Amino acid sequence: MPDTSSAPLTRAVERADTLSDEDLAALCEAANSAIIEGGGFGWVHPPGQAALERYFRGVLLVPERDLFIARLDGVVVGSAQLVRAPRNNEAQAFAATLMHSFIAPYARGHGLARLLTLRVEEAARAMGFHVLNLDVRETQEAAIHVYESLGYIRWGIHPHYARVGGKTLRGFYYYKLLQPSSRITP
Numbered sequence: 056m057p058d059t060s061s062a063p064l065t066r067a068v069e070r071a072d073t074l075s076d077e078d079l080a081a082l083c084e085a086a087n088s089a090i091i092e093g094g095g096f097g098w099v100h101p102p103g104q105a106a107l108e109r110y111f112r113g114v115l116l117v118p119e120r121d122l123f124i125a126r127l128d129g130v131v132v133g134s135a136q137l138v139r140a141p142r143n144n145e146a147q148a149f150a151a152t153l154m155h156s157f158i159a160p161y162a163r164g165h166g167l168a169r170l171l172t173l174r175v176e177e178a179a180r181a182m183g184f185h186v187l188n189l190d191v192r193e194t195q196e197a198a199i200h201v202y203e204s205l206g207y208i209r210w211g212i213h214p215h216y217a218r219v220g221g222k223t224l225r226g227f228y229y230y231k232l233l234q235p236s237s238r239i240t241p
């Protein structure tokens, strides 16, 4: 856990091509904390350290995925993924998806979720993408607030998006135009 004393905390977001053992352990701890708190990225119950390590190592191997990690005072406390359409999907090659974004509960309140989202947007824009898509559970109110405050437009609601604790939850779908000056035609 990062030091939460009165000294100013440093925030950083970076694209990760590799993860040191220390960073991987911190990322897994942050993911476990987020899952337990209900803000996990698909998992409802923590899958265990070994499964999370395999998962994050696997993400680094997928050519269409970029892993971004958020740091608070140098410690990894969250991540997000920028996902590109596979090469055979030329029709949707202009759009990318922001997925599996989370900040550990103990690191929230420092603007890292906003910074993480902005860095993913910058990378997507630099890669030439025109649209960034994302989806989120209705219970993830803080994330919804961040996305909407950054200009994401809710275009749909899935009434049976997820099951958590025996309850069916809705999912909200969003998009943001990254290059609004260019006209996207069907």
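Here the sequence shown is numbered in the numbering used here, starting from 56 and rising by one per residue. Ideal placement from N, C-alpha and C gives every residue a C-beta, glycine not left out. Being a predicted model, the structure only gives us computed values, none of them experimental.
Taking C-alpha atoms, which residue in the options lies nearest to residue i?
{"i": "Ser156", "options": "Phe184, Asn143, Asp128, Ala198", "result": "Ala198"}
{"i": "Gly129", "options": "Ala217, Gly226, Thr65", "result": "Thr65"}
{"i": "Gly113", "options": "His100, Lys231, Val131, Gln136", "result": "Gln136"}
{"i": "Leu79", "options": "Glu145, Arg163, Ala105", "result": "Ala105"}
{"i": "Leu189", "options": "Pro214, His200, Tyr228", "result": "Tyr228"}
{"i": "Glu196", "options": "Pro214, Glu176, Arg225, Ala67", "result": "Arg225"}
{"i": "Asn143", "options": "Arg209, Leu153, Ile90, Glu119", "result": "Glu119"}
{"i": "Lys222", "options": "Leu82, Thr194, Trp210", "result": "Thr194"}
{"i": "Leu107", "options": "Met182, Asp76, Glu203", "result": "Asp76"}
Got a sec? Which residues, its chain only, sit under 7 Å from residue i by beta carbon, not counting five neighbours each side?
{"i": "Ala148", "result": "Ala140"}
Going by DSSP, what residues sit across from residue i in a beta bridge?
{"i": "Arg139", "result": "Ala151"}
{"i": "Gly211", "result": "Tyr228"}
{"i": "Thr194", "result": "Per DSSP, none; premise fails for Thr194."}
{"i": "Val219", "result": "Lys222"}
{"i": "Gly133", "result": "Ala125, Ile158"}
Quick one, are the C-beta atoms of residue i and residue j less than 7 Å apart?
{"i": "Lys231", "j": "Tyr216", "result": "no"}
{"i": "Leu187", "j": "Ala179", "result": "yes"}
{"i": "Phe123", "j": "Arg163", "result": "no"}
{"i": "Phe184", "j": "Leu233", "result": "yes"}
{"i": "Ala159", "j": "Ala85", "result": "yes"}
{"i": "Arg169", "j": "Val201", "result": "yes"}
Within the region 60–122, ranges of the alpha helix (DSSP H) (whole runs, at least 4 residues): 76–92, 104–116
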